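J.: Structure below; questions to follow.
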Amino acid sequence: DGTKFDFKVGVMREIIRIEAKPSIEIPIVTLVEIINKIPKGRLTRIKDIENAFKTFYGVDIIRFECIAFANLFKDLHTSVDSDKIFDIYCNTPWWRLVSNIGCISKIDQLFFEDMQKALKKEKFTLIDYNHKAEARVKDFKQYLVDYKITKGVNGEPVVKVI
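Start counting the sequence shown at 1; every next residue gets the next number (my numbering).
Printed below as a string of structure tokens:
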């Protein structure tokens with residue numbers, strides 16, 4: 001009848017049902033393709049990619065598959081020759097993907113140092129951030145790209161970096 005007994009208060013309360021917001025999951029392969037389209041000297045954020053897909057699909061929530069190498073390997077394995085998977089992952093310019101506030105994280109020391117070198121090579125200025133646990137790209141917002149997503153021949157999204 002739309003009510004339940006609330007044992008904490010000792011009274012009947014109305015049950016309120018909240019519908020789930022529409023969402024969609026974007027394959028890791030698509031994220032890799034987008035990052036590979038980011039031109040040298042430009043940056044992007046997951047937030048910006050999400051917003052472009054939210055608009056394209058008309059949903060409230062975008063989820064990306066895990067970026068862990070094991071998941072990437074599994075997903076790419078179904079669509080790419082296995083001898084090319086490592087090259088695709090390693091040759092993706094991950095350093096062009098920064099956080100919402102323009103940082104790269106020091107999750108892995110070697111990867112962090114490589115990302116810093118790659119960003120400096122592209123003439124970005126880095127500043128220490130969060131007690132040197134991260135590096136932040138100075139004035140990162142001026143380097144962000146925009147996206148235009150259109151429908152491809154089979155209705156699939158075609159991402160254009162602007």
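No residue lacks a Cβ here, since even glycine has one placed at the ideal position from N, Cα and C.
These figures come from a predicted structure and were not determined experimentally.
Go through its chain and collect everything with a Cβ distance to Lys123's Cβ below 7 angstroms, but skip five positions before and after it.
T.: The residues are Gly41.
J.: Flag Asp114 as yes when its Cβ comes closer than 8 angstroms to any non-hydrogen atom of the ligand ZN, and as no otherwise.
T.: Although the ligand ZN was asked about, the structure shown includes no ligands whatsoever.
J.: Using 8 angstroms as the threshold, is the segment 110-122 in touch with the segment 58-67, meaning 3 or more CB pairs across them?
T.: Not touching, per the Cβ criterion.
J.: Which stretch, first to last residue, makes up the alpha helix (DSSP H) that contains Leu31?
T.: Unbroken alpha helix (DSSP H) run through Leu31: 28-37.
J.: Kindly indicate which three-state DSSP category Glu50 falls into: helix, strand or coil?
T.: Helix.
J.: For Ile62, is the classification buried or exposed, using 16 other Cβ atoms within 10 angstroms of its Cβ as the cut-off for buried?
T.: Buried.
J.: Sort out for me which residues DSSP pairs Tyr129 with in a bridge.
T.: According to DSSP, Tyr129 bridges with Glu134.
J.: Tell me whether Phe140 sits in a helix, a strand or coil according to DSSP, three-state version.
T.: Helix, per DSSP.
J.: For the beta strand (DSSP E) holding Thr150, just list the boundary residues, first then last.
T.: First-last of the beta strand (DSSP E) with Thr150: 147-151.
J.: Taking Ala20 as the reference, which of Val59, Glu156, Ala52, Val32 has the closest Cα?
T.: Cα-wise, what sits closest to Ala20 is Val59.
J.: On the premise that Val145 lies in contact with Val98, defined as a C-beta separation below 8 angstroms, what is that separation, rounded to the nearest angstrom?
T.: That pair is no contact at about 12 angstroms.
J.: Kindly indicate the opening and closing residues of the beta strand (DSSP E) around Phe64.
T.: It spans 61-64 - the beta strand (DSSP E) in which Phe64 sits, taken as one unbroken run.
J.: Can you tell me whether DSSP reads Arg96 as helix, strand or coil?
T.: Arg96 falls in the helix class under three-state DSSP.
J.: Going by Cα to Cα distance, which pick from Glu33, Ala52, Cys103 is closest to Lys132?
T.: Cα-wise, what sits closest to Lys132 is Cys103.
J.: Just mark Thr44 as buried or exposed, buried being the case when its beta carbon has 16 or more other beta carbons within 10 Å.
T.: That one is buried.
J.: Please report the Cβ distance between Val161 and Ile38, rounded to the nearest whole angstrom; I am assuming they are in contact, meaning their Cβ atoms lie under 8 angstroms.
T.: The Cβ separation is near 6 angstroms, so the contact holds.
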